[in-house]
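Numbered according to this note's numbering, the sequence shown terminates at residue 750, and the numbering increases by one at each position without gaps.
Just below is one structure, and these are the notes that go with it.
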Amino acid sequence: MVKALTFKGDKKTKKRKRTKEDVSEEAEGGGGEGSSSTAIATTTTTTATTGHGTDEPEGWVTMEAQEELVGPIMLTFAATKPICLACDATGKVFASILETIEGENLHTAEPLEVKQVWVVTKIHGSDSYSFKSHHGKYLSCDKFGILTATREAISHEEGFIPVKTEVGGWAFQTAREKYIGVEDPKSGGTIEIRGDAEEIGFCQTWTVRGQAKYKKKTKKEENRIRDKITRKELEAQAGVKLDDEQVKKLKKARREGGFHEALLDIRVKHGKHDKYAY
473 MVKALTFKGD KKTKKRKRTK EDVSEEAEGG GGEGSSSTAI ATTTTTTATT GHGTDEPEGW
533 VTMEAQEELV GPIMLTFAAT KPICLACDAT GKVFASILET IEGENLHTAE PLEVKQVWVV
593 TKIHGSDSYS FKSHHGKYLS CDKFGILTAT REAISHEEGF IPVKTEVGGW AFQTAREKYI
653 GVEDPKSGGT IEIRGDAEEI GFCQTWTVRG QAKYKKKTKK EENRIRDKIT RKELEAQAGV
713 KLDDEQVKKL KKARREGGFH EALLDIRVKH GKHDKYAY
């Protein structure tokens, strides 16, 4: 469930249990634009305890793997003054100065306003990702390299391919095989962000900040995929038919350690011992 966007310094309020009357009023009122724009992310840096008694990390962390590019994110850059990619209500894309940051360390940056947050989603059937702004429009790059956020639907111009850079950051390739980059005058002028860079360099390298709960989720999914094994695969390794209790025991050992020892016990029990195995 997406949580409401909050900022540092805000007072925490206790949630009131929703009633049927509340649901009816929301259905009649239609929610409105403001409700969707403020339900993007949470920036609290503490841990929240769920009803099941487990601690779920909150706040913003640096996203390092492509699988972690999901949900609300910030695209930050080490300009003369650290900035992030932002857009206003008209869809104008600009460099927003980061204020919620420790010194110039991009790995501590958090959003101060919803205009600094984008919701990233992988586009089905492609290597591209879309970036939705706080007002529900998609980031787009035209043939001149001008970035805007005015499109209501996704076409090829709204797709960007993330590329991991040699220094550990991210570059984003447009549909025309150019890159989103920053033009920093360093002399007090206006910082510009364009999508027409020919190659990846320092000015095209971004640090992506996202919510900790999504990073945790992807790690859980990776562990789940790694731990998943079928009865048929276990029986092939054991060389014998297994009963339900043996399958359960082997799966537990695979998760917690000692899998090969447990497998060897079963092989020995069924006369499948090989002194060269395991």
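Ideal Cβ placement from N, Cα and C applies to all residues, glycine included.
In this text the structure is predicted, and so the values were computed from the model without any measurement.
Buried versus exposed call for residue i [16 or more other C-beta atoms within 10 Å across all chains shown]
i    : result
G597 : exposed
R666 : buried
V740 : exposed
S627 : exposed
A550 : buried
K792 : Missing from the structure shown is residue 792; the chain here goes from 473 to 750 and no further.
I618 : exposed
Spatial distance of residue i from residue j (CA atoms)
i    : j    : result
K700 : A710 : 17 Å
F632 : Y601 : 5 Å
Q538 : G640 : 12 Å
E530 : D715 : 42 Å
I545 : L557 : 10 Å
V635 : W642 : 6 Å
E655 : A621 : 19 Å
K594 : L736 : 43 Å
E649 : V565 : 20 Å
D560 : G575 : 25 Å
V533 : Q676 : 20 Å
E582 : S568 : 12 Å
G730 : E717 : 16 Å
G661 : N577 : 22 Å
E629 : T562 : 18 Å
L547 : T572 : 14 Å
Any non-hydrogen atom of the ligand SAH within 6 Å of residue i CB
i    : result
T646 : Among the components modelled here there is no ligand, and therefore nothing to report on the ligand SAH.
Short CB-CB distance (under 7 Å) between residue i and chain C
i    : result
F731 : Going by chain labels, chain C is absent from the structure shown, which holds only one protein chain.
Residue i, DSSP secondary structure in three states
i    : result
L735 : helix
L706 : helix
F616 : coil
L714 : coil
E629 : helix
K687 : helix
V740 : helix
E638 : coil
K720 : helix
Endpoints, beta strand (DSSP E) assigned at residue i
i    : result
R648 : Segment: none, R648 is in no beta strand (DSSP E) and carries neither H nor E.
Q683 : 679-683
L619 : 619-623
D668 : 664-669
V589 : Looking at the DSSP string, V589 is not in any beta strand (DSSP E), and its letter there is neither H nor E.
K445 : Residue 445 cannot be examined here, being either before or after the span of the chain that is shown, 473 to 750.
TODO: Ignoring anything shorter than 4 residues or poking outside the stretch 525-584, list the alpha helix (DSSP H) runs there in chain order.
DONE: none
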